[in-house]
Amino acid sequence: MLDSMETRIHQLETQIKPRLSVLMNSLQVHHGRMWQPGIANDWKLAGYELEKVKETLTDVSANFGADKYADSTIDLEISKLQSTITQMEQAVKAKNKDSFVEHYSALTTQCNSCHKTTGLDFYKVIQPVTPAYSGETE
Numbered sequence: 037m038l039d040s041m042e043t044r045i046h047q048l049e050t051q052i053k054p055r056l057s058v059l060m061n062s063l064q065v066h067h068g069r070m071w072q073p074g075i076a077n078d079w080k081l082a083g084y085e086l087e088k089v090k091e092t093l094t095d096v097s098a099n100f101g102a103d104k105y106a107d108s109t110i111d112l113e114i115s116k117l118q119s120t121i122t123q124m125e126q127a128v129k130a131k132n133k134d135s136f137v138e139h140y141s142a143l144t145t146q147c148n149s150c151h152k153t154t155g156l157d158f159y160k161v162i163q164p165v166t167p168a169y170s171g172e173t174e
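Below, the structure is given as structure tokens:
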């Protein structure tokens, strides 16, 4: 009886667990949406999108953090982003566009480095060339 309950719990957890690809798509959306407000000095919106990036990374870690890809784990790769994210938060608080641009570029590079480490380097994160934000929410 206990074995069947544990099996059922595992089945239910699997059904409600988001797919990594869904979380990565959300991360991509918020990363892209953060660019235009940051270069347009809309610090409230840039800060909001940065919070969404952090929330999504938390969800990725909670659901897939220990999953091993290539020679690394997702948690290890996410930990490499923390310093840059902190610097981006400071740039947003200081309303410093130059610092924001510098650290946005660093975050983009780090995301691509993670993709390379995990063997998914065919996914390229880029700096948007057109505004990714049109006023809609998630």
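Our numbering puts the last residue of the sequence shown at 174; the count rises by one with no breaks.
For every residue, glycine included, the Cβ atom is placed at its ideal position computed from N, Cα and C.
C-beta contact flag for residue i and residue j at 8 Å
i              : j             : result
isoleucine 110 : valine 89     : no
leucine 56     : leucine 93    : no
asparagine 99  : proline 54    : yes
tryptophan 73  : leucine 81    : Looking at the sequence itself, residue 73 is proline, so the reference to tryptophan does not match. Yes, the pair counts as a contact, with Cβ atoms nearer than the cut-off.
lysine 133     : isoleucine 45 : no
For residue i, three-class secondary structure by DSSP
i             : result
threonine 122 : helix
lysine 116    : coil
lysine 104    : strand
threonine 43  : helix
threonine 109 : strand
Assigned exposure category for residue i - 16 Cβ within 10 Å defines buried
i             : result
leucine 156   : exposed
glutamine 47  : exposed
serine 120    : Note that residue 120 is threonine in the sequence shown here, rather than serine. Buried.
glutamine 126 : exposed
glutamate 113 : buried
Alpha carbon of residue i to alpha carbon of residue j, nearest angstrom
i            : j             : result
valine 58    : threonine 50  : 14 Å
alanine 130  : leucine 143   : 18 Å
serine 135   : cysteine 147  : 18 Å
histidine 66 : methionine 60 : 10 Å
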